[in-house]
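Q:
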Amino acid sequence: MTVSSFAVSNVECLDLARSSHPISSGVGFLDHMMDQFNSHAQVGVAISVGDVVENQHNRHAEMDQSILLPLCGSELGKKMKEILKEVPAGSTSRFCCPLDEALVECQLTKKIEGKLLAFSLAPYGIYPRSTGRTKIGCMETKHVEGFMRGLAEHSGLEISLQKVRGDNGHHIVESSFKALSRALRNLLDGTSTNELDSANFASLWGTDSESWKQSIALNREGKHDRKTKETGILVDLKLDGGVNGVSIESGIPALNEIFETLAEEAKMSLTIKCRGDLFVDDHHTSEDVSIALGQVLTKAFGTKAGLNRMWCAKADYGAAQVEVTMDLSNRPCLTHNLTLTEDEFVAGTLTTEMFDHVLDSLTVNARMTVHIVELTKGATVQETALATAMAFGRALQLCAAVDPRRAGKTASSKG
239 MTVSSFAVSN
249 VECLDLARSS
259 HPISSGVGFL
269 DHMMDQFNSH
279 AQVGVAISVG
289 DVVENQHNRH
299 AEMDQSILLP
309 LCGSELGKKM
319 KEILKEVPAG
329 STSRFCCPLD
339 EALVECQLTK
349 KIEGKLLAFS
359 LAPYGIYPRS
369 TGRTKIGCME
379 TKHVEGFMRG
389 LAEHSGLEIS
399 LQKVRGDNGH
409 HIVESSFKAL
419 SRALRNLLDG
429 TSTNELDSAN
439 FASLWGTDSE
449 SWKQSIALNR
459 EGKHDRKTKE
469 TGILVDLKLD
479 GGVNGVSIES
489 GIPALNEIFE
499 TLAEEAKMSL
509 TIKCRGDLFV
519 DDHHTSEDVS
529 IALGQVLTKA
539 FGTKAGLNRM
549 WCAKADYGAA
559 QVEVTMDLSN
569 RPCLTHNLTL
579 TEDEFVAGTL
589 TTEMFDHVLD
599 SLTVNARMTV
609 HIVELTKGAT
619 VQETALATAM
629 AFGRALQLCA
639 AVDPRRAGKT
649 ASSKG
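In terms of our numbering, the sequence shown is residues 239 to 653.
Pasting the structure below:
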């Protein structure tokens, strides 16, 4: 018996609304992936294949998935095309989704006829290294491409999915569906992650937007005041649009500039004062300041309910171009490919190994997932460091922004 003999029913794609129908393909992991549209595209997705039986999540697992997955993609694509009618042909969107063990880039273009332009996710992990995973749960990974092709061809979208990095099969597939979902949301909104000057972007996220007003109204702030044998640190942070300015006095000029740049791009007010044992070296001061800043950010974020949560941002400084992709995930992880091994110091005052440690300490204590991709190498590590700080701040500002459409709910399929 082939899957094509099953009736497909209750297929929906509802923009900024939830469907009252379930997602029930008969393959549990596929259902979990399609649910990412609900959480991250804010598109209410529903589909039922065959008879829906309670708690029979994998009832079609032994059927021909080379038919099942393209069938689901095609049927969703038909409904997705309806909500894309008002999107002008030629409109584009791009999003990268950071998971702790994967980073996938999605690019979308609205076309008259859709197609899967590029698909490069395999191997699905490194266990085993020769092939990666052939199944995740009961879903056969080789048919993910068929799902995406069906979705592209029937939605009128040109879709490109490229794995930037990733060793975990589950997270590679999850990153691809989340990146697609976030890119779809941006396409529907008429925005893109690195086009910050457009009218649509200003309407959604700018200083006159409802997002900005609600973000400021939360009065989010955090403070850290602690003395140890090695350092005495005061950190005072406000997610207030930066109206109270930035003052960094760590005793390490290069570290001051990095955090000044980050705070200004993040549009937050930040005061840091540190007296550290610099007569020893820069380790304790730079580490403790970064830990404290991360902890203060965690306090300021609160529950993170209603926040945009994910963003990716590029920045240039000198010859360096860097992209930071960030998720306020509560799953701390930093991954980067920055070229740092050619200089001992950043601008002569911060050791390069401690710049690497600063990024890790900040990310872990702010409970973020952060992927940093060096697109162009800086002429010096200082250029690389400042481009990274700029991109980090820009991503942080958009991740921490309130999305009023979420009505205070967390952007997560975990519920």
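Glycine included, every Cβ here is placed at the ideal spot set by N, Cα and C.
CA-CA distance, S331 and S398?
A: About 11 Å.
Q: First and last residue of the beta strand (DSSP E) that includes E339?
A: That residue, E339, is in no beta strand (DSSP E); it is neither H nor E in DSSP.
Q: Between which two residues does the alpha helix (DSSP H) carrying V382 extend?
A: V382 -> alpha helix (DSSP H) spans V382 to S393.
Q: With a threshold of 16 other CB atoms inside 10 Å of the CB of V481, please say whether the residue is buried or exposed.
A: Label assigned to V481: exposed.
Q: Is it true that the CB of V484 sits closer than 7 Å to the CB of E503?
A: No, the Cβ-Cβ distance between E503 and V484 is not below 7 Å.
Q: Can you tell me where the beta strand (DSSP E) with C310 in it begins and where it stops?
A: First-last for C310: Q303 to I321, but that is the alpha helix (DSSP H), not the beta strand (DSSP E).
Q: So which of H609, F275, V596 and T579 has the shortest CA-CA distance to T563?
A: Here the closest residue by C-alpha is H609.
Q: For the region 413–432 against the region 338–345, are there 3 or more C-beta pairs whose distance is under 8 Å?
A: Touching, per the Cβ criterion.
Q: What did DSSP end up calling T240 once you bin it into helix, strand or coil?
A: Caution is warranted here: a pLDDT of 49 is assigned to T240, below 50, making its placement in the model unreliable, and no coordinate value can be reported.
Q: Could you tell me the boundaries of the beta strand (DSSP E) in which F357 lies?
A: Start and end: K353 to S358.
Q: Leaving out the 5 sequence neighbours to the left and right, which residues in its chain are closer than 6 Å to F439 when beta-carbon positions are compared?
A: Within the same chain, F439 has close Cβ partners T429.
Q: For the 8 Å Cβ check, are there 3 or more pairs between the region 545–564 and the region 630–650?
A: Taking 8 Å as the limit for Cβ pairs, the verdict is that the region 630–650 does touch the region 545–564.
Q: When DSSP labels each residue in this structure, what does M592 get in the three-state scheme?
A: Note: M592 maps to helix in three-state DSSP.
Q: In the DSSP assignment, find the beta strand (DSSP E) that holds K476 and state where it starts and stops.
A: Here the beta strand (DSSP E) through K476 covers T469 to K476.
Q: Please state if the CB of G460 and the CB of K537 are separated by a distance shorter than 7 Å.
A: For K537 and G460, yes; Cβs fall inside 7 Å.
Q: Whole angstroms is fine: what's the gap from K511's alpha carbon to T614's?
A: If you take the alpha carbons of K511 and T614, they lie about 33 Å apart.
Q: With distances taken Cα to Cα, identify the nearest neighbour of A360 among V411, P260 and H462.
A: Of V411, P260 and H462, the residue nearest in Cα terms is V411.
Q: Can you give the Cα-Cα distance for G514 and T648, rounded to whole angstroms?
A: Rounded to whole angstroms, G514 to T648 spans 38 Å at the Cα level.
Q: What does DSSP give as the partner residue(s) for I454 in the beta ladder?
A: In DSSP, I454 forms no bridge with anything.
Q: In chain order, what are the residue ranges of uninterrupted beta strand (DSSP E) at least 3 long that sit wholly in the region 557–612?
A: Qualifying beta strand (DSSP E) stretches, in chain order: 558–565 and 571–574.
Q: According to DSSP, is N438 helix, strand or coil?
A: Note: N438 maps to helix in three-state DSSP.
Q: Could you have a look at V246 and say whether DSSP puts it in helix, strand or coil?
A: Strand at V246.
Q: Would you mind sorting I350 into buried or exposed? The rule is 16 or more other CB atoms within 10 Å of its CB.
A: The residue is exposed, with fewer than 16 neighbouring Cβ atoms inside 10 Å.
Q: If you draw a straight line from the C-alpha of R605 to the C-alpha of F244, how long is it?
A: Approximately 44 Å, taken between the alpha carbons.
Q: List the endpoints of the continuous alpha helix (DSSP H) containing V527.
A: Looking at the DSSP string, the run of the alpha helix (DSSP H) that includes V527 is H521 to F539.
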